[in-house]
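Participant: Protein sequence lines, in the order shown, are assigned to chains A and E. Going by this note's numbering, the residue at position 104 of the first sequence is 111; the numbering climbs one at a time, nothing skipped. Going by this note's numbering, the residue at position 123 of the second sequence is 753; the numbering climbs one at a time, nothing skipped. First the structure, then my questions, so here it is.
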Amino acid sequence: MSSIAFSRETLALVDDILSRYPEGCKKSALLPVLHLAQQELGGWLSPDVMNYVAELLKLSPIEVYEVATFYTLFRLQPTGKYVLEVCQTGPCCLMGAEKTVADLEKKLGITVGQTTADGLFTLKTVECLASCGSAPMMRVDDAYYEHLTDSKLDQILDAFKKGQTPS
Amino acid sequence: MNILLEHLSVENIDTFEVYRKLGGYASVEKALRMAPMDVVEEVKKSGLRGRGGAGFPTGLKWSFIDRKSGKPRYLVCNADEGEPGTFKDRFLMEKLPHRLVEGMIVSSFALESHTAYIYIRGELMWIGKKLEKAIQEAYANGFLGKNILGTGYDLDIYVHPGAGAYICGEESALLESLEGKRGLPRMKPPFPAVSGLFACPTVINNVESLSAVPWIINKGGDAYAKIGVGKSAGTKLFSACGQIKKPGVYEIEMGITVEDFIYSEKYCGGLLEGRTLKAVIPGGSSTPILPPHLVTKTASGEPRLMTYESLSEGGFESGSMLGSGGFIVLDNTACIVRNTWNFSRFYHHESCGQCSPCREGTGWLEKVLYRIEHGQGRPEDLDLLLDITKKIDGKTICSFGAAACWPIASAIRHFEHEFKAHIDKTAPHLDGCCVHKQEASVARHHH
C-alpha cells in the first residue's frame, strides 16, 4: 500500500485540480484524480489504488469504490497494454462495426473481453463514442481511430506492436 | 449560412491569434459593457432553444436563475455528448474551441457567474485538452481571470472530465457527477436554477447553444430570430450518419426540407449506390424512427422540414423529434429489428439503476428483442414489449426511461411486419441480421 503514490508532478496537478472547486466541495476532484490514478498507477484501479485516492482526497474508501464502479472508463481489473475499444452502437453497426470486431478477434486470436497472451492487447466493445459519422471506429488510450478498414486495422496493430503510436 | 461553423476551414482557427484576428471575442468586448440583464434579453429575443435535445428556450432558462440567494452562481457547459447518432458538439469543440469559450464568457457574465465548468465526457478528453489550451490562451490575453478587459468582471473556466456514463448528459445527473458522485439524476424540484451545483443557482447549457451566443450578441437577437422558421429560430447543427454518401456535421438554416437534407450534394449526398430508403431516425437514437413515407412528408402530406415543429408534426403516431440533431439514415440492407435490439442494449447498459421500472425494464426489453432478432421470438412478444414500455415511460425520475422506450415503440408501430417476419422466420436475409443463423458471433458479446 505504502508503495502506491503519485509522482511529485502529479501531486502538484492534484493540488491544481483541487483548487478548481470551492471549499467544502473538494470531492469534485474525484473523477479527474481517478483518471490520473488509472493512468499513472498501473492502468487499472486496484483496491489499493482506490484506497490511496481516498486518503489523498480525504474521502472514505466507499465514496471512491461506489464512483469507480459506476463509470465504465474506470477499469476494475488489469488489462493489456493497449485496450482496443470498438464502438458497437447502432450507427457504427450500420457501417460494419460487427465485422470490425470479428476481424480484430481473428487478427488477435482472442474474443471480446480477452487479452492476448503477450499482454499487449485487450479487446472490448463499448457504446457510442460520438463518432458515428466516421464509423466503424475504435478508441485506444486517448485517441480515436476512425473509418476503420481491414488494412487500416493491420497498420494500427503493427504500430502498437512496435511500440509506436499509429498515425 | 454559417454562424456556428463560421471560418471553419480557416487554417489554425483553433488558435487564439487567428480566431481573434477574424473577429473572435468581439462579443465579450460588447457584452461586458452591457448590463447582464440586457444580455439575457438579447438571447431571449433571439429565440435560441437548447441544442442538447430538449429545445427549451435558452434565454428563458437564464431568466430563472436565482440572483437573490447570495450564493455563487454557476454556468455549466454540458459537453457529455453521447446520444447515438450525435457528434456535433464534439466537432464544434474540436474545430472551434474558442467559439465555445467566447460564448461561455458572455453567458457567465449574463448570469453574473464567476466560475464555469465544461463537463466533457471522459472519452473526449483529447478534445478537452484542446479546450484547456484555448482557455489558457484566453487567460493570457485578458479574456479570462481577474478584471476582464478592465471591466472589473472576474471569471474562471475549468474543464472537468466525466468517465463514461450516458446518463450524465441528463443535467441533474451531470451535476451529481461534477460533485464527485455516481451520476444519478435528482428529483425535481428544486430545479438547478435555484439549487444546482454545490446547492447553488446553476444554469446548464449545451455546447452548441453556448457557441451560438457570440453571434447573437454581435448581430442582435432580432437578427438571429429572423433566420429559420417561427419558433425554430437560427441555424442548427445536424450530424448525419448511417447509410448515406456524405456523413458529417452540417449547419443548416432551420426550415430546409428533410428531402433536401438527405439528397442534396450540399448535405448527405443521397443514399449509397443502388440502395433505397428504409427509415430515418432524425434526432438521435431516442427519437422515434420514421418509415420512408413519413420522412419527406408529414401524415397530412406537407413537406417535412428540418424544424422542431415539423419533425414532431403528427406526434408519436406519425412524427418524431428534432432532438439532438443526430440524423441516422437506414437503407434497404438494414435490419430494423437488429437496430432496435442494438439500441435496447445501449439503454440497458446506460440505465443508472436508480428507478426500478427503468433498471429492470430496459433489461427485459433487451432480452425480448435479442430473442426476436436471434430467431427465438414468440407470437406474444410484440405485445409484451409494448406493455413493458408503458410500464417504464413516465414512471421514472428522469426522461431516460422514456428515451429508452420511444425507439422500440416507434419501430414496432411502423415496422411491425419486420418484427413479425422475424418471429415466424420469414424475414429476408439481410446484412448482419441473425434471425436465420443458429448462433451469430455477436451473440457471444451479449454480456
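Just so you know, even glycine gets a beta-carbon here, dropped at the ideal spot from N, CA and C.
Do Lys875(E) and Cys898(E) have their C-beta atoms closer together than 9 Å?
Facilitator: As a position in the second sequence, residue 875(E) is number 245, starting the count at 1. As a position in the second sequence, residue 898(E) is number 268, starting the count at 1. Going by C-beta atoms, Lys875(E) is nearer than 9 Å to Cys898(E).
Participant: Of the residues Trp994(E), Ser841(E), Leu741(E) and His1004(E), which one's Cα is nearest the Cα of Lys1020(E)?
Facilitator: Your numbering for residue 1020(E) matches position 390 in the second sequence. Cα-wise, what sits closest to Lys1020(E) is Trp994(E).
Participant: Could you check what DSSP says for Glu92(A) in three-state terms: helix, strand or coil?
Facilitator: Indexing the first sequence from 1 puts residue 92(A) at position 85. Three-state result, Glu92(A): strand.
Participant: Does the stretch 891-911 of chain E touch the stretch 737-744 of chain E, meaning 3 or more C-beta pairs lie closer than 8 Å?
Facilitator: No, the stretch 737-744 of chain E does not touch the stretch 891-911 of chain E.
Participant: Tell me whether Ser862(E), by its Cβ, gets closer than 8 Å to a heavy atom of the ligand FMN.
Facilitator: With respect to the ligand FMN, the structure shown offers nothing to examine, as it has no ligands at all.
Participant: Hey, out of Gly775(E), Gln984(E) and Tyr655(E), whose CA is closest to Phe77(A)'s CA?
Facilitator: What you label residue 77(A) is simply residue 70 of the first sequence in a count that begins at 1. Nearest C-alpha to Phe77(A): Gln984(E).
Participant: Using the beta-carbon count (16 or more within 10 Å), is Ser639(E) buried or exposed?
Facilitator: Working through the second sequence from its first residue, we reach residue 639(E) at position 9. Under this definition Ser639(E) is an exposed residue.
Participant: Indicate the three-state DSSP secondary structure (helix, strand or coil) for Ile857(E) in the structure shown.
Facilitator: Taking the first residue of the second sequence as position 1, residue 857(E) is located at position 227. Looking at Ile857(E) - three-state DSSP - the assignment turns out to be coil, as it is neither helix nor strand.
Participant: Give a yes or no on whether the minimum CB-CB distance between Met8(A) and chain E is below 9 Å.
Facilitator: Taking the first sequence and counting its residues from 1, one reaches residue 8(A) at position 1. Here Met8(A) scores only 47 on pLDDT, less than 50, and its place in the model should not be relied on; the value that follows carries that caveat. Chain E, which has no Cβ nearer than 9 Å to the Cβ of Met8(A), makes this no.
Participant: Using a Cβ-Cβ cut-off of less than 7 Å, list which residues of the stretch 962-976 of chain E approach chain A; keep chain order.
Facilitator: Residues Ala964, Asn969, Asn972, Phe973 and Phe976.
Participant: For Gly913(E), which option in Ala1032(E), Ser940(E), Phe957(E) and Gly872(E) has the closest C-alpha, if you only look at C-alpha atoms?
Facilitator: The count along the second sequence starts at 1 and reaches residue 913(E) at position 283. Considering only alpha carbons, the answer is Phe957(E).
Participant: So the candidates are Glu809(E), Ile834(E), Ser802(E) and Phe828(E); which of them puts its Cα closest to the Cα of Pro819(E)?
Facilitator: The sequence position of residue 819(E) within the second sequence is 189, counting from 1. Nearest C-alpha to Pro819(E): Ser802(E).
Participant: Please list the partners that Ile958(E) has in chain A, where partner means a Cβ-to-Cβ separation under 9 Å.
Facilitator: For the purposes of this step, residue 958(E) is identified with residue 328 of the second sequence, where counting begins at 1. Simply Gly97, Pro98, Leu101 and Cys139.
Participant: Below 8 Å CB to CB, which residues in the same chain sit around Leu754(E) once its five sequence neighbours on both sides are set aside?
Facilitator: Within the second sequence, the letter at position 124 stands for residue 754(E). Taken in chain order, the residues that qualify are Ala709, Glu711, Arg720 and Met723.
Participant: One question on the structure: do Val833(E) and Arg729(E) come within less than 9 Å of each other, judged by their Cβ atoms?
Facilitator: Position 203 of the second sequence, counted from the start, is the residue given in the question as residue 833(E). Position 99 of the second sequence, counted from the start, is the residue given in the question as residue 729(E). No, they are not a contact pair.
Participant: Taking only the alpha-carbon atoms, compute the straight-line gap between Asn962(E) and Ala795(E) and give it to the nearest angstrom.
Facilitator: Position 332 of the second sequence holds residue 962(E). Position 165 of the second sequence holds residue 795(E). Each residue's alpha carbon lies about 32 Å from the other.
Participant: Tell me Glu881(E)'s beta-bridge partners as DSSP assigns them.
Facilitator: Looking up residue 881(E) in the second sequence gives position 251. The partner list for Glu881(E) (beta bridge, DSSP) reads Leu867(E).
Participant: Mind checking if His1075(E) is an interface residue toward chain A, Cβ cutoff 9 Å exclusive?
Facilitator: Numbered from its first residue, the second sequence carries residue 1075(E) at position 445. Residue placement at His1075(E) is flagged as unreliable, the pLDDT there being 43, under the threshold of 50; the coordinate-derived value follows with that caveat. Cβ-Cβ to chain A under 9 Å: yes for His1075(E).
Participant: Looking at the unbroken beta strand (DSSP E) that takes in Thr17(A), where does it start and where does it end?
Facilitator: As a first step, residue 17(A) must be located in the first sequence, where it is residue number 10. Counting along the chain, Thr17(A) falls outside any beta strand (DSSP E), though it belongs to the alpha helix (DSSP H) covering Arg15 to Leu25.
Participant: In whole angstroms, what separates the C-alpha of Ser138(A) from that of Leu115(A)?
Facilitator: Here residue 138(A) is taken as the residue at index 131 of the first sequence, counted from 1. Here residue 115(A) is taken as the residue at index 108 of the first sequence, counted from 1. One C-alpha to the other measures close to 24 Å.
Participant: Check whether the Cβ atoms of Leu37(A) and Val71(A) sit closer than 9 Å, and answer yes or no.
Facilitator: Position 30 of the first sequence, counting from 1, holds the residue named residue 37(A). Position 64 of the first sequence, counting from 1, holds the residue named residue 71(A). In this structure, Val71(A) lies closer than 9 Å to Leu37(A) by Cβ.
Participant: Indicate the three-state DSSP secondary structure (helix, strand or coil) for His637(E) in the structure shown.
Facilitator: Looking up residue 637(E) in the second sequence gives position 7. His637(E): coil per DSSP, three-state reduction.
Participant: Taking CB distances under 9 Å as the criterion, tell me whether Val1072(E) reaches chain A.
Facilitator: One-based indexing of the second sequence puts residue 1072(E) at position 442. Any reading at Val1072(E) must be qualified, since the residue scores a pLDDT of 43, below 50, and its modelled position is unreliable; the value itself is stated next. For Val1072(E), the answer is yes, since a Cβ of chain A falls inside 9 Å of its Cβ.
Participant: Over the uninterrupted beta strand (DSSP E) stretch that includes Ile958(E), give me the two end residues.
Facilitator: Residue numbering aside, residue 958(E) sits at position 328 when the second sequence is read from its first letter. Its beta strand (DSSP E) spans residues Gly956 to Asp961.
Participant: With a threshold of 8 Å on Cβ separation, who are the neighbours of Glu947(E) within its own chain once the five nearest residues in sequence on each side are excluded?
Facilitator: To locate residue 947(E), count along the second sequence from 1; it is residue 317. Counting only Cβ-Cβ distances below 8 Å, and skipping sequence neighbours, we find Ala929 and Arg1043.
Participant: In this structure, does DSSP put Lys1020(E) in helix, strand or coil?
Facilitator: Numbered from its first residue, the second sequence carries residue 1020(E) at position 390. Three-state DSSP puts Lys1020(E) in a helix.
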